[in-house]
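A short write-up of the structure that comes next.
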């Protein structure tokens, strides 16, 4: 028991301080303002909430970050996740070259994030323009610096990086299907689609639901990898709400913390019921084995 208490004490302490404590303090800050003369925080009621509603109405940056967050969610969850599901089934069926694709797609997931960012930056900023000029005789700007290609370049990186991890987790669920069940379905003349829908999908539905729910929950916290590429200097046209909050908080003064905390509380109030609703809906419509 003593060994167990010592082992569990540190993670519990970290959870209490860095999750419960930080979030509770953020809620308190949302109702406070900073008094420069007294160098302390004082109760301000709903002053920060009124400020945030006014800023949202006037600031195109905030509205644009919400739109970008929804775009990123749609692209990385609604589009990318079904593709990962299909590729997982392709590998599960042991189609030709399935092992090669499994290794290539998962490789970026085991390499440190900053290493993949640096490699990708060198490729799209230096190597690709050189290839284009050598092969086609045309000059081109780096994809991460050209305003017309920035979003697409960062989008491709995020989709490719998350693809392998999603694929292997889904593949792990597929591998739990009893071999006798597959053989029975095949003997009954089930097509590949019917085997996927009636045999495989029920096994991975819980994993798929988890991905979808987490995707919804992270709509306003997803930084889209922008900080890794641009630091705090990313263009406002690219900014998601998660990146905007992180970048502003990293350089904020004490006087700016209450407004940022208020924005975080408002986003939480919006996204929590949506997340719970999506979870309930997916559990209701999920296939049964």
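Residue numbers (the numbering used here): -15 to 273.
Even for Gly, the Cβ is constructed at its ideal location relative to N, Cα and C.
Residue 183, buried or exposed, once every other Cβ within 10 Å from all chains shown has been counted against 16: Walking along the chain shown from the start, residue 183 turns up at place 199. Buried.
Identity of the residue in 77, 38, 103 and 73 nearest residue 212 by Cα: Position 228 of the chain shown, counted from the first residue, corresponds to residue 212. Taking only the C-alpha atoms, the option nearest residue 212 is 103.
Proximity below 8 Å, CB of residue 150 to CB of residue 65: Position 166 of the chain shown, counting from 1, holds the residue named residue 150. Position 81 of the chain shown, counting from 1, holds the residue named residue 65. Yes, Cβ-Cβ distance for residue 150 and residue 65 is below 8 Å.
Beta-carbon gap between residue 199 and residue 61 smaller than 8 Å: Within the chain shown, the letter at position 215 stands for residue 199. Within the chain shown, the letter at position 77 stands for residue 61. Closer than 8 Å, so yes.
One or two residues paired with residue 19 in a DSSP bridge: Within the chain shown, numbered from 1, the residue matching residue 19 stands at position 35. The partner list for residue 19 (beta bridge, DSSP) reads 24.
Proximity to residue 190 [Cα-Cα], best of 166, 157 and 180: To locate residue 190, count along the chain shown from 1; it is residue 206. Of the listed residues, the one whose Cα sits closest to residue 190 is 157.
Close-in-space but distant-in-sequence residues of the same chain around residue 90 (CB under 6 Å, 5 per side omitted): Against the chain shown, residue 90 aligns to sequence position 106. Closer than 6 Å at Cβ, skipping near neighbours: 148 and 152.
Where residue 130 falls: helix, strand or coil (DSSP): Within the chain shown, numbered from 1, the residue matching residue 130 stands at position 146. Three-state result, residue 130: coil.
Three-state secondary structure (DSSP) of residue 203: As a working mapping, residue 203 is identified with position 219 in the chain shown. Note: residue 203 maps to coil in three-state DSSP.
Check whether residue 229 and residue 247 have beta carbons under 8 Å apart: As a first step, residue 229 must be located in the chain shown, where it is residue number 245. As a first step, residue 247 must be located in the chain shown, where it is residue number 263. The answer is yes: Cβ separation under 8 Å.
Residue 222, DSSP secondary structure in three states: Stepping through the chain shown from its first residue, residue 222 is reached at position 238. Coil at residue 222, not helix or strand.
Contact belief for residue 187 with residue 161 at Cβ below 8 Å, rounded distance in angstroms: By 1-based counting over the chain shown, the position of residue 187 is 203. By 1-based counting over the chain shown, the position of residue 161 is 177. Contact flag correct, Cβ pair sits at about 5 Å.
Range of the contiguous alpha helix (DSSP H) that encloses residue -2: Within the chain shown, the letter at position 14 stands for residue -2. -14 to -1 is the extent of the alpha helix (DSSP H) around residue -2.
Three-way DSSP call (helix, strand, coil) for residue 96 in this model: For this step, residue 96 is matched to residue 112 along the chain shown. Three-state result, residue 96: coil.
Local conformation of residue 77 per DSSP, three classes: The residue labelled residue 77 in the question sits at position 93 within the chain shown. Here residue 77 sits in coil by DSSP.
Supposed close pair residue 36, residue 243 - CB separation, criterion 8 Å: Against the chain shown, residue 36 aligns to sequence position 52. Against the chain shown, residue 243 aligns to sequence position 259. 7 Å between Cβ atoms; contact.
Cα-Cα separation between residue 252 and residue 258, rounded to whole angstroms: Looking up residue 252 in the chain shown gives position 268. Looking up residue 258 in the chain shown gives position 274. Taking the straight line from one Cα to the other gives about 10 Å.
Same chain only: Cβ atoms within 6 Å of residue 195, ignoring 5 sequence neighbours per side: Taking the chain shown and counting its residues from 1, one reaches residue 195 at position 211. Excluding positions up to five away in sequence, the list reads 65.
Residue 113 beta carbon less than 8 Å from that of residue 126: Numbered from its first residue, the chain shown carries residue 126 at position 142. Numbered from its first residue, the chain shown carries residue 113 at position 129. For residue 126 and residue 113, yes; Cβs fall inside 8 Å.
DSSP-derived helix/strand/coil call for residue 271: For the purposes of this step, residue 271 is taken as the residue at position 287 of the chain shown. The answer is coil: DSSP assigns residue 271 none of H, G, I, E or B.
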